[in-house]
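Take the sequence shown: its letters are residues 1 to 66, numbered as in full-length UniProt numbering.
The beta-carbon is built from N, C-alpha and C at its ideal position, and this holds for glycine as well.
All figures in this text were calculated on a predicted structure; none of them were measured in a lab.
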Amino acid sequence: NLCLNKGRCISLKDTFKCECLTGYSGKTCKIKDACLSSPCLNNGTCSGSVTSFTCICVKGFTGVTC
Numbered sequence: 001n002l003c004l005n006k007g008r009c010i011s012l013k014d015t016f017k018c019e020c021l022t023g024y025s026g027k028t029c030k031i032k033d034a035c036l037s038s039p040c041l042n043n044g045t046c047s048g049s050v051t052s053f054t055c056i057c058v059k060g061f062t063g064v065t066c
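See below:
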């Protein structure tokens, strides 16, 4: 299986395509979303990319991870 992180491999004519699980992306599902580990506490909402994340905190909570 050419797809990583439990991605599903789909054979095409001369190549392949991966269907990645939520939180993973890239041709072989190698790229892990920074929000996948749910870093935000106290019902904060994670907004992120591959390398970084930002937590949007609910009222009454502050800080990097709320």
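Alpha carbon of residue i to alpha carbon of residue j, nearest angstrom
i	j	result
Asn5	Cys20	8 Å
Cys66	Cys35	14 Å
Cys3	Gly23	14 Å
Arg8	Asn1	8 Å
Neighbourhood of residue i by C-beta, 6 Å cutoff - its chain only, sequence neighbours within 5 removed
i	result
Phe50	Here residue 50 is Val; the residue named in the question, Phe, does not match the sequence. If we look at Val50 and ignore the five residues flanking it on each side, its Cβ neighbours are Ile31.
Asn43	Val58
Cys29	Cys3, Leu4, Asn5, Gly7, Cys18 and Cys20
Cβ neighbours of residue i in the same chain (closer than 7 Å, five flanking residues each side left out)
i	result
Phe61	Asn42 and Gly44
Sequence-distant residues of its chain with Cβ nearer than 8 Å to residue i (five each side left out)
i	result
Lys27	Cys18
Val64	Cys55
Limits of the unbroken beta strand (DSSP E) element including residue i
i	result
Ser49	Note, Ser49: premise wrong, no beta strand (DSSP E); not H, not E.
Exercise. Taking three-plus beta-carbon pairs below 8 Å as touching, is the segment 36-46 in contact with the segment 4-18?
Worked result: no
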